[in-house]
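Remarks on the structure that follows.
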Ligand SMILES: [Fe+2]
């Protein structure tokens, strides 16, 4: 086996975990905190709650909320200016992948200077970031546990993958109660994003026995709990989706992703599509493309999806993808690329761009841009 690594933050998990926030902030040396969040969490009352928890403990809070889905480079630069001007010493993010990635971008500039595009790719951050505590409000992105940060370069219309050990936060506080205020659509798209993380990391070229455990655990939990969680926000099912999303995050942070995420970043950069909506469209086609390059592992995934341990690898792999398509149809999510894009005019450019994304490097089967185009055409 090649030499491997497994980096994760301190993880505090459970109902009411958010109450430990002030203590966590003090532990990493906070006096004046930059809190990054968004209007959705303000409306749900969570921002006020977090500020109250911190201020009641004598900590100062500077609030930054100029963050939107698919966070932009200029928002990161603006947040970094606020951090420096206000002389903050710790960053806390409360939100989904967008707020957490924006906060990581702010931390990157605060610790290293320059512009965020200077750090695109793997291992280009040379100096440490300020201490960071991330509080996810969705069970999907896994950003609170990973060394990934995805920021849109507006000028180039590219979602940049920034990957560095320095981007693993100090502490992740995961409180499943935050999921109770989310819509059915957001619960579904987040869970399917986490499923894509689990599947891609399981078959990644850099997967290890340490990441395999988490990837397979996440696949099993998501398949078992996605329907009850979406149907009536069943709190036990939501908690298991939180565990799944965290497991998937730990796995892909250390094993990498694949061509599905490379395509999702490329599509999101050009069309501003919500990240989690791409996966039910492309995941089955990417799994079919990869199938023979990792037949044994695709068999394991198939058996997890089917809940049937008796099938052969080949039979389980094929039937597992069919069953996954059936599940996406049952859930009523988009399953065709034509539902997300106006036409096919930019597909070739999107696929060429995807081959330059860092996630593409760890796909189990080498793929040229024309292979990716075939995947997109199959999913059209
Ligand atoms: Fe993702």
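In the numbering used here, the protein residues as written are 135 to 514.
Ideal placement from N, C-alpha and C gives every residue a C-beta, glycine not left out.
Since the structure is predicted, the reported quantities are computational estimates derived from the model, not experimental observations.
In the DSSP assignment, find the alpha helix (DSSP H) that holds residue i and state where it starts and stops.
i, result
"residue 438", "429–440"
"residue 487", "481–488"
"residue 144", "Not the alpha helix (DSSP H): residue 144 falls in the beta strand (DSSP E), residues 144–147."
"residue 369", "369–389"
"residue 504", "503–513"
"residue 474", "No alpha helix (DSSP H) holds residue 474; DSSP gives it neither H nor E."
"residue 549", "Absent from the structure is residue 549, since the part of the chain shown begins at 135 and ends at 514."
"residue 340", "First-last for residue 340: undefined, no H or E at that position."
"residue 455", "447–465"
For chain B, check one thing: does any of its Cβ atoms lie closer than 8 Å to the Cβ of residue i?
i, result
"residue 314", "Given the protein chain composition of this structure (a single chain), no chain B is represented."
Can you name the start and end residues of the beta strand (DSSP E) that residue i belongs to?
i, result
"residue 268", "266–270"
"residue 491", "Looking at the DSSP string, residue 491 is not in any beta strand (DSSP E), and its letter there is neither H nor E."
"residue 286", "282–287"
Nearest by alpha-carbon distance to residue i: which of the options is it?
i, options, result
"residue 410", "184, 398, 190 and 332", "398"
"residue 226", "405, 152 and 205", "152"
"residue 142", "458, 283, 186 and 384", "384"
"residue 271", "332, 198 and 232", "232"
"residue 172", "373, 337, 205 and 439", "205"
"residue 377", "389, 395, 242 and 358", "358"
"residue 449", "463, 468, 422 and 472", "422"
"residue 304", "478, 454, 162 and 459", "162"
"residue 253", "321, 220, 228 and 287", "287"
"residue 382", "345, 364, 501 and 373", "345"
"residue 375", "386, 185, 321 and 465", "321"
"residue 533", "387, 313, 478 and 498", "The structure shown does not extend to residue 533, since the chain is modelled only from 135 through 514, so no value can be given for it."
"residue 210", "440, 347, 190 and 168", "168"
"residue 266", "247, 165, 230 and 159", "159"
Report the CB separation of residue i from residue j in whole angstroms; it is logged as a contact under 8 Å.
i, j, result
"residue 203", "residue 408", "6 Å"
"residue 456", "residue 433", "Going by Cβ atoms, the distance from residue 456 to residue 433 rounds to 14 Å, so no, they are not a contact pair."
"residue 488", "residue 400", "4 Å"
"residue 188", "residue 237", "Not quite, the Cβ-Cβ distance comes to about 15 Å (not below 8 Å), so this is no contact."
"residue 325", "residue 274", "6 Å"
"residue 333", "residue 353", "7 Å"
"residue 417", "residue 330", "6 Å"
Give every residue of the same chain whose Cβ lies closer than 6 Å to the Cβ of residue i, excluding the five residues on either side of it in the sequence, and list them in chain order.
i, result
"residue 255", "492"
"residue 396", "488, 491, 493 and 494"
"residue 451", "425, 432, 433 and 436"
"residue 249", "none"
"residue 213", "198 and 240"
"residue 282", "297"
What does a CB cutoff of less than 7 Å around residue i pick up in its chain, not counting 5 residues either side in sequence?
i, result
"residue 174", "none"
"residue 462", "414 and 469"
"residue 340", "389, 390 and 496"
"residue 291", "403 and 404"
For the region 183–236, which segments carrying the beta strand (DSSP E) assignment without a break, of at least 3 residues, lie completely within its bounds, in sequence order? 194–198 and 224–229
Contiguous beta strand (DSSP E) assignments of at least 3 residues, all confined to the region 295–333: 305–308
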